[in-house]
Ligand SMILES: Nc1ncnc2c1ncn2[C@@H]1O[C@H](COP(=O)(O)OP(=O)(O)O)[C@@H](O)[C@H]1O
Ligand SMILES: [Mg+2]
């Protein structure tokens, strides 16, 4: 059964009343640019329940990373409010852990030292923190690579190091911005399995930002589809697929059904984004 | 498999090829001088320079001079590292200062600072301090500029990681910006070392005080050309010593690279 909702008032209400561990309430973020003001995030509200896997999907340039940075407290000067377990977010919050789209391991630290980083900042002794780090390294499936440097690892392994590093700070909510966007499809599916395993094991609340429909459906309990320019909520889709899941679900009919539905929503937005891109390129060319 | 590609696989191949190239160049020199293409009264034969080594070492007190120049260079380097990196970090932090100073520091880097030696003589006297200070001042611009460059080119996302973990400004600097900038800072230190050493030996030469520069001056005035070149080889040795040292320290600080 596919449950979809388009009414925004409905969603704000839900956000206010929800026992959500993360509540995003009516966020508006604008950027002044030479061509005028861009509204990157336009009245977005949602609430994520404890243990839920929530995804935000949208074409590139629609405002996903902006939303990610607002929730993570790295960006200010926006309207609306983000609360974590009742706390208003005003800057980086200890309950929110972020995994970035770009490669973000520290090349001068070994895998262990990378993962132990937040524990080092918390002031733990070296022995304790390296011991704790080993647990999270094993969680992301990198046993045996503790003393390697990031340069010796593949892109997928490095992203897992970043994830383990963030998990080591034991955040209530794990926020990920297209963590696997740079990887090939097969690697991404397999890492998706890893993420599902971790979520199950830690009962981790996760918020994934992605442009990949398969990935979103594979992992999520709910998916928020964003529009392109301004970045509004187009629809929120409940994914009623059984858990525990693995990447094998990708072959099922129900899966295909969800993918088709989300694509029909995204198609229009993506092509608008593409046209926009092309006309910008054209103008830039004409100016030159 | 050809012999050359087999040699290329050896671990010491680059060093061997380097030494062979140097030996070849010396042989060519020797030949050109012997057949009178090059004037032997201006350029001594490599074999004569080799013969001069023993004489210079024994008669001209090279070990003590070598130590003195090395000590001056080491002091200048220590000053350079601490002051240069600190000023670079300050300029990186305070944008207005950086915009105000960066250009003239770069201009200063290309100025012939060695010609300022009379001023330094007046301030510090005819002693090692003058020499060390000249080396220090001359090496400062590249260290400052490269420190700024290294800190400023730290990838945005690494800083965001630090911010997301709620690091203090001090932690952000020491745990992220500084290690990220280290390779570039070391480029600056090596450039600074070159500038400093040129000035140290140059001022020793000019003010005729201590070290290898003074020896080069002495031998040149006595028209002992072979001896002069032998002394220059020892200056190169000082430089090699410091390069090896910076590489060691860098590998220790950033073992991954
Ligand atoms: N700092 C900024 N200044 C100006 N415009 C920005 C800035 N950050 C993002 N934008 C603009 O906001 C829009 C959304 O960007 P972003 O959130 O990165 O999109 P996404 O992550 O979905 O690809 C884009 O059009 C982008 O050009
Ligand atoms: Mg993005």
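Chains as they are written, first to last, in this note's numbering: chain Y, 8 to 295; chain P, 4 to 260.
All C-beta atoms in this analysis are idealised placements derived from N, C-alpha and C, irrespective of residue type, glycine included.
Small disclaimer: the values here were computed from a predicted structure and weren't measured.
Query - 7 angstroms CB neighbourhood of residue 228(P) in its chain, flanking five on each side removed - result: For the purposes of this step, residue 228(P) is taken as residue 225 along the second chain, with counting starting at 1. Closer than 7 angstroms at the Cβ level, and outside the excluded window around residue 228(P), lie 47.
Requested in this report: Identify each residue in the stretch 141-173 of chain P for which the Cβ-Cβ distance to at least one residue of chain Y is less than 7 angstroms, and report them in chain order.
Outcome: So the list reads 160, 161, 163, 164, 166, 167, 168, 169 and 170, given in the order they occur along the chain.
Report task. Report whether the distance from the Cβ of residue 241(Y) to the nearest heavy atom of ligand 1 is below 7 angstroms. Result -> Here residue 241(Y) is taken as the residue at index 234 of the first chain, counted from 1. Outside the cutoff, so no.
Query raised in the report: To the nearest angstrom, how far is it from the Cα of residue 263(Y) to the Cα of residue 163(Y)?
Result: For the purposes of this step, residue 263(Y) is identified with residue 256 of the first chain, where counting begins at 1. For the purposes of this step, residue 163(Y) is identified with residue 156 of the first chain, where counting begins at 1. When rounded, the distance between both Cα atoms is 26 angstroms.
Report task. Report yes or no: is there a C-beta of chain P within less than 8 angstroms of the C-beta of residue 47(Y)? Result -> As a first step, residue 47(Y) is located in the first chain; it is residue number 40 there, counting from the start. No, no contact with chain P.
Requested in this report: List in chain order: all unbroken alpha helix (DSSP H) runs of 4+ residues lying wholly within the stretch 88-152 of chain Y.
Outcome: Complete alpha helix (DSSP H) runs here, min 4: 118-122, 124-128 and 133-146.
Query raised in the report: With residue 55(Y) and residue 29(Y) assumed to form a contact (beta carbons below 8 angstroms), what rounded beta-carbon distance in angstroms separates them?
Result: Indexing the first chain from 1 puts residue 55(Y) at position 48. Indexing the first chain from 1 puts residue 29(Y) at position 22. Taking 8 angstroms as the upper bound for CB-CB distance, residue 55(Y) and residue 29(Y) are in contact here, some 4 angstroms apart.
Query - residue 185(Y) CB to nearest heavy atom of ligand 2 below 7 angstroms - result: Against the first chain, residue 185(Y) aligns to sequence position 178. The nearest non-hydrogen atom of ligand 2 is less than 7 angstroms from the C-beta of residue 185(Y).
Query - Cα-Cα separation, residue 173(Y) to residue 113(Y) - result: The residue you call residue 173(Y) lines up with position 166 of the first chain. The residue you call residue 113(Y) lines up with position 106 of the first chain. Taking the straight line from one Cα to the other gives about 13 angstroms.
Query raised in the report: Can at least three beta-carbon pairs, one atom from the stretch 276-285 of chain Y and one from the stretch 49-68 of chain Y, be found at a separation below 8 angstroms?
Result: With three or more CB-CB distances shorter than 8 angstroms, the stretch 276-285 of chain Y counts as touching the stretch 49-68 of chain Y.
**Report entry** Residue nearest to residue 85(P) in terms of C-alpha spacing, selected from 142(P), 171(P) and 62(P)
**Finding:** Here residue 85(P) is taken as the residue at index 82 of the second chain, counted from 1. Comparing alpha carbon positions, the residue from 142(P), 171(P) and 62(P) closest to residue 85(P) is 142(P).
Query raised in the report: So, are the CB atoms of residue 245(P) and residue 196(P) less than 8 angstroms apart?
Result: Residue 245(P) sits at position 242 when you count from the first residue of the second chain. Residue 196(P) sits at position 193 when you count from the first residue of the second chain. Cβ distance < 8 angstroms, so residue 245(P) and residue 196(P) count as in contact.
**Report entry** Per DSSP, cross-strand counterpart(s) of residue 175(Y)
**Finding:** Here residue 175(Y) refers to the residue found at position 168 when the first chain is read from its first residue. Answer by DSSP bridge pairing: none, since residue 175(Y) is not bridged.
Query raised in the report: Any heavy atom of ligand 2 closer than 7 angstroms to the CB of residue 71(Y)?
Result: Mapped onto the first chain, residue 71(Y) falls at position 64. True, at least one ligand heavy atom lies under 7 angstroms from that Cβ.
Report task. Keeping to the same chain, check which residues put their C-beta closer than 8 angstroms to that of residue 260(P); ignore five residues upstream and five downstream. Result -> Residue mapping note: residue 260(P) aligns to position 257 of the second chain, counting from 1. Residues of the same chain with a CB within less than 8 angstroms of the CB of residue 260(P), apart from the 5 flanking positions on each side, are 186, 253 and 254 in chain order.
Query raised in the report: Do three or more CB pairs link the stretch 131-138 of chain Y to the stretch 207-222 of chain Y at distances below 8 angstroms?
Result: Contact between the stretch 131-138 of chain Y and the stretch 207-222 of chain Y is not established, with fewer than three Cβ pairs separated by less than 8 angstroms.
Query - Extent of the continuous beta strand (DSSP E) run through residue 231(P) - result: One-based indexing of the second chain puts residue 231(P) at position 228. Looking at the DSSP string, residue 231(P) is not in any beta strand (DSSP E); the run it does join, the alpha helix (DSSP H), is 228-256.
Query raised in the report: For chain P, is any of its Cβ atoms less than 8 angstroms away from the one on residue 19(Y)?
Result: Start at 1 with the first residue of the first chain, and residue 19(Y) comes out as number 12. Model confidence at residue 19(Y) stands at a pLDDT of 46, short of 50, so the residue's coordinates are unreliable; what they give is reported in the following sentence. No - not a single Cβ of chain P is within 8 angstroms of the one on residue 19(Y).
Query - Exposure label - residue 133(P); buried when at least 16 CB within 10 Å - result: On the second chain, residue 133(P) is found 130 positions in, with the first residue counted as 1. Classified as buried, residue 133(P) has 16 or more neighbouring CB atoms from the shown chains inside 10 Å of its CB.
Query raised in the report: What are the boundary residues of the alpha helix (DSSP H) that residue 101(P) is part of?
Result: What you label residue 101(P) is simply residue 98 of the second chain in a count that begins at 1. Here the alpha helix (DSSP H) through residue 101(P) covers 98-112.
Report task. Check whether the Cβ of residue 4(Y) lies closer than 7 angstroms to any heavy atom of ligand 1, and answer yes or no. Result -> Absent from the structure is residue 4(Y), since the part of chain Y shown begins at 8 and ends at 295.
Query raised in the report: Counting contacts by CB-CB distance shorter than 8 angstroms, is residue 188(Y) in contact with chain P?
Result: Start at 1 with the first residue of the first chain, and residue 188(Y) comes out as number 181. Under the 8 angstroms criterion on CB atoms, residue 188(Y) is classed as non-interfacial with respect to chain P.
Query raised in the report: Say the cut is 7 angstroms; is the CB of residue 37(Y) nearer than that to a heavy atom of ligand 4?
Result: This structure lacks ligand 4; its bound ligands are ligand 1 and ligand 2.
Requested in this report: With 7 angstroms as the limit, tell me which residues of the stretch 145-165 of chain Y have their beta carbon closer than that to any beta carbon of chain P; keep them in chain order.
Outcome: Within the stretch 145-165 of chain Y, the qualifying residues are 156 and 158.
Query raised in the report: Would a check of beta-carbon distances place residue 81(Y) closer than 8 angstroms to chain P?
Result: Residue numbering aside, residue 81(Y) sits at position 74 when the first chain is read from its first letter. At least one chain P Cβ lies under 8 angstroms of residue 81(Y).
Query raised in the report: Hey, does residue 285(Y) have any beta-carbon neighbour from chain P nearer than 8 angstroms?
Result: In the first chain, residue 285(Y) corresponds to position 278, counting from 1. Closer than 8 angstroms: no.
Query raised in the report: Between 158(P), 163(P), 250(P) and 26(P), which lies nearest to residue 80(Y) when the distance is taken from Cα to Cα?
Result: Here residue 80(Y) corresponds to residue number 73 of the first chain, with the count starting at 1. With distances taken between Cα atoms, residue 80(Y) lies closest to 163(P).
**Report entry** Minimum Cβ-Cβ distance from residue 23(Y) to chain P less than 8 angstroms
**Finding:** Start at 1 with the first residue of the first chain, and residue 23(Y) comes out as number 16. Residue confidence is low: residue 23(Y) scores 46 on pLDDT, short of 50, so the model does not pin down where it sits. No coordinate-derived value is stated.
**Report entry** Contact set for residue 78(Y): own chain, Cβ-Cβ below 8 angstroms, skip 5 residues either direction
**Finding:** For the purposes of this step, residue 78(Y) is identified with residue 71 of the first chain, where counting begins at 1. The residues are 29, 31, 89, 96, 103, 182 and 214.
Query raised in the report: Helix, strand or coil for residue 72(Y) per DSSP?
Result: The residue labelled residue 72(Y) in the question sits at position 65 within the first chain. Correct three-state label for residue 72(Y): helix.
Query raised in the report: Taking 8 angstroms as the CB-CB cut-off, is residue 216(Y) touching chain P?
Result: To locate residue 216(Y), count along the first chain from 1; it is residue 209. For residue 216(Y), the answer is no, since every Cβ of chain P falls outside 8 angstroms of its Cβ.
Requested in this report: Tell me whether residue 108(Y) counts as near ligand 2, meaning its Cβ is closer than 7 angstroms to at least one heavy atom of that ligand.
Outcome: The count along the first chain starts at 1 and reaches residue 108(Y) at position 101. Checking the Cβ of residue 108(Y) against ligand 2 gives yes.
Query raised in the report: What residues match up with residue 345(Y) in a beta bridge as DSSP calls it?
Result: This structure gives no information on residue 345(Y), because the portion of chain Y shown stretches from 8 to 295.
Query - Cβ of residue 75(Y) within 8 angstroms of any chain P Cβ - result: One-based indexing of the first chain puts residue 75(Y) at position 68. False, the Cβ-Cβ gap to chain P never drops below 8 angstroms.
Requested in this report: My understanding is that residue 175(Y) touches residue 143(Y), with C-beta atoms under 8 angstroms, so please give their C-beta distance in whole angstroms.
Outcome: As a first step, residue 175(Y) must be located in the first chain, where it is residue number 168. As a first step, residue 143(Y) must be located in the first chain, where it is residue number 136. The pair is a contact, with the Cβ atoms about 5 angstroms apart (cut-off 8 angstroms).
Report task. With hydrogens ignored, establish whether the beta-carbon of residue 217(Y) is closer than 7 angstroms to any heavy atom of ligand 1. Result -> Position 210 of the first chain, counted from the first residue, corresponds to residue 217(Y). Checking every heavy atom of ligand 1 against the Cβ of residue 217(Y), none is found closer than 7 angstroms.
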